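In the numbering used here, the protein residues as written are -3 to 74.
Written out as structure tokens, the structure is:
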């Protein structure tokens, strides 16, 4: 089973990487971009037997920093 885990900063957490990307886009002449928030995407190939609870545990213990980040688990059709 394919699983995608989207990790993003919580609202209100400063995002220096997003700010740098936004500044670079403006420098390249792209207009109309109001804000950029950077995040991470993990793609996992797991056994069908891996439970939702186990996936949640993986995110909480390793893939996301729960103090400053949120995550979303998405199961992808193979």
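All residues carry an ideal CB built from backbone N, CA and C; glycine is no exception. Here the structure is a predicted model, which is why all the values come from computation and not from measurement.
Residue 34 has its alpha-carbon roughly 13 Å from the corresponding atom of residue 67. Contact holds between the stretch 0 to 13 and the stretch 56 to 72, because three or more Cβ pairs, one in each stretch, are under 8 Å apart. With a 10 Å radius around the Cβ and a threshold of 16 neighbouring Cβ atoms, residue 50 comes out exposed. For residue 69, the uninterrupted beta strand (DSSP E) segment begins and ends at 65 to 72. Residue 30 and residue 17 have their C-alpha atoms some 12 Å from each other.
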